[in-house]
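Q: Dropping the structure in here first, questions after.
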């Protein structure tokens with residue numbers, strides 16, 4: 017029973033990761049389209065395509081890191097307040113350890129997905 021519940025939670029987290037990557041792609045695409053004139057001006061002033069690529073990637077990394085910090089903080093606070101209630105009601109102990117190996121793997125997957133999404137959108141910059 018518990019294994020099935022854990023698998024459902026893993027599936028939900030994978031779907032949330034997919035939704036987050038698609039959302040980040042939409043935000044970056046919107047940002048690039050809004051700043052098309054600025055990017056064009058940077059190209060006229062001599063900015064290389066690599067420089068523009070790094071700007072887009074850096075924006076994606078900053079958004080991703082801020083999201084990780086906000087999400088981790090929210091998780092820690094939520095588990096602090098409702099962890100005992102979940103254990104009492106469902107018998108499920110939720111650990112507030114933020115940097116477990118599984119969490120580090122998931123955060124790494126989020127970062128790689130972010131970089132891939134930003135690189136895929138980067139073709140619009142040129």
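Residue numbers (our numbering): 17 to 142.
Ideal Cβ positions, reconstructed from N, Cα and C, are used throughout, including at glycine.
What span of residues does the alpha helix (DSSP H) with residue 92 cover, start to end?
A: Run containing residue 92: 65-106, per the alpha helix (DSSP H) assignment.
Q: Alpha carbon to alpha carbon, how far is residue 64 from residue 81?
A: Looking at the two C-alpha atoms, the distance is approximately 26 Å.
Q: Under 7 Å Cβ to Cβ from residue 102, same chain only, skipping five residues before and after it: list those, please.
A: For residue 102, where only same-chain residues beyond five positions count, the Cβ hits under 7 Å are 108, 110.
Q: How close, in whole Å, do the beta carbons of residue 130 and residue 76 come, if the pair is a contact with beta carbons under 8 Å?
A: Indeed they touch by this definition, with Cβ atoms about 5 Å apart.
Q: If we ignore side chains and look at the alpha-carbon of each, how far apart do residue 44 and residue 72 end up?
A: For residue 44 and residue 72, the distance between alpha carbons rounds to 8 Å.
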